[in-house]
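S.K.: Here it is, the structure, as structure tokens.
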Amino acid sequence: MLCSNRYPLPGSPTTCLLDTVLVPLPSFLFIVAIPVALFYQRGRILPRIHSRRWLHITYLALVAASWAMTILEIIRLGLENMGVGLLPITTIGLMLAFFVLLTERKGPTRVVSMIFASYWLLLSIMFIIQSVRLHLLEKLNPTTMENSKYPSSDWFLDNVVMMALFIIFFIYECTMLILSRHDEFVKTEAV
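In the working numbering, the protein residues as written are -11 to 179.
As structure tokens, this is what we get:
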């Protein structure tokens, strides 16, 4: 079952709609866009966006942490018999993001970096919506560890942490795109 035993929230979207449609949507788009972009750039020499090694390793570690957070959420929703919706798609999307970042050691191309920025932005928006709805759930139906395996406060906190990570990733990708554009401009001015 995709969703079950969910507390009905007034208004829209419901937590079920979020977990089955809205939150997985950016990952569906990412899973389609990345292979297309990588196929397009195969065999071409395209300028790469370079970052410091420690920064790239930190980025990878935080992407791995967000991946682990999605697994934690899926496990806890399953233990509570609430259904996991299509949240595993988000886990697959984050795993793909991790492996693309891991294999792009020389730095991603501009197109790949723009796809990543779009992915992080869309995930951020979806998780902001979900966090607002879960905050409402926490107010209307507060649960604790005594009566739930996944208290509403934990569910809210998990989603806020993931939302913060996705916002950080979006800011990082935008910064790298802007800096790479500046470097290109400086190089053309020097010639």
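Note that the Cβ used here is the ideal one computed from N, Cα and C, for glycine as well.
Roughly how many angstroms lie between the CA atoms of threonine 2 and serine 168, to the nearest whole one?
M.R.: Locating residue 2 in the sequence shown gives position 14, counting from the first residue. Locating residue 168 in the sequence shown gives position 180, counting from the first residue. Answer to the nearest angstrom: the Cα atoms are 41 Å apart.
S.K.: Find the nearest neighbour of leucine 84 within the set Met70, Leu124 and Ile103, judged by alpha-carbon distance.
M.R.: Locating residue 84 in the sequence shown gives position 96, where the first residue counts as 1. Looking at the Cα atoms, Ile103 is the closest of the given residues.
S.K.: In three-state DSSP terms, what is isoleucine 166?
M.R.: Here residue 166 refers to the residue found at position 178 when the sequence shown is read from its first residue. Helix at isoleucine 166.
S.K.: When we look at the beta-carbon of threonine 58 and count the other beta-carbons within 10 Å, is it buried (16 or more) or exposed?
M.R.: The residue you call residue 58 lines up with position 70 of the sequence shown. Threonine 58 comes out buried.
S.K.: Would you call valine 174 buried or exposed, if buried means 16 or more other Cβ atoms sit within 10 Å of its Cβ?
M.R.: Taking the first residue of the sequence shown as 1, we reach residue 174 at position 186. In this prediction, valine 174 scores a pLDDT of 49, lower than 50, which makes its location untrustworthy; no coordinate-derived value is stated.
S.K.: Taking the Cβ atom as the reference point for each residue, do proline 14 and leucine 165 lie within a distance shorter than 8 Å?
M.R.: Stepping through the sequence shown from its first residue, residue 14 is reached at position 26. Stepping through the sequence shown from its first residue, residue 165 is reached at position 177. Result no, Cβ atoms of proline 14 and leucine 165 do not sit closer than 8 Å.
S.K.: Would DSSP call threonine 97 helix, strand or coil?
M.R.: Here the question's residue 97 lines up with position 109 in the sequence shown. In the structure shown, threonine 97 sits in a strand (DSSP, three-state: E or B).
S.K.: I think asparagine 129 touches serine 140, with their Cβ atoms under 8 Å apart; what is that distance to the nearest whole Å?
M.R.: The count along the sequence shown starts at 1 and reaches residue 129 at position 141. The count along the sequence shown starts at 1 and reaches residue 140 at position 152. Confirmed, about 6 Å.
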